[in-house]
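In mature numbering (1 follows the signal peptide of the UniProt record, and there is no 0), the protein residues as written are -21 to -1, 1 to 99. Virtual Cβ for every residue (Gly too), placed ideally from N, Cα, C. Being a predicted model, the structure only gives us computed values, none of them experimental. Single-structure report; data block below.
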């Protein structure tokens, strides 16, 4: 029993020395690690979000600029028809015989190949 008390007393005396001898906890990423992490995040953001959105916007702008009388189009609302008149911001679309509607150019979702409306 006396040996156990002596052993415990010795360990208690060594506790501060053992605690001080341990290595400090790691501080996390250094400045270079943070810069690399941030650059990786920017690249992921660019390739997954920004670039595809920019590509779609360019394609849509080219579509709107290329609209001409006689083209067959589908609007974002799902209306399909043939363009009868084109102005700066609007187009007139014939959706049935003698039925025409005015639509903003930006509402055109896609241009259809010629003759598609006859097949529908």
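- The continuous alpha helix (DSSP H) containing residue 20 extends over residues 10 to 24.
- When the five nearest sequence neighbours on each side are left out, no beta carbon in the same chain lies closer than 8 angstroms to the beta carbon of residue 41.
- Looking at the DSSP output, residue 38 sits in no beta bridge, so it has no partner there.
- Here the alpha carbons of residue 10 and residue 17 stand approximately 11 angstroms from one another.
- Cβ-Cβ distances below 8 angstroms link residue 69 to 81, 82, 83, 84 in the same chain, with the five nearest sequence neighbours on each side left out; the list follows chain order.
- If you draw a straight line from the Cα of residue 22 to the Cα of residue 31, it comes to about 13 angstroms.
- Per DSSP, residue 66 is not a residue of any alpha helix (DSSP H), being assigned neither H nor E.
- Here residue -17 carries a helix assignment [DSSP, helix/strand/coil].
- Rounded to whole angstroms, the separation of the alpha carbons of residue 19 and residue 97 is 51 angstroms.
- Taking the CA atoms as reference points, residue 52 sits about 51 angstroms from residue 12.
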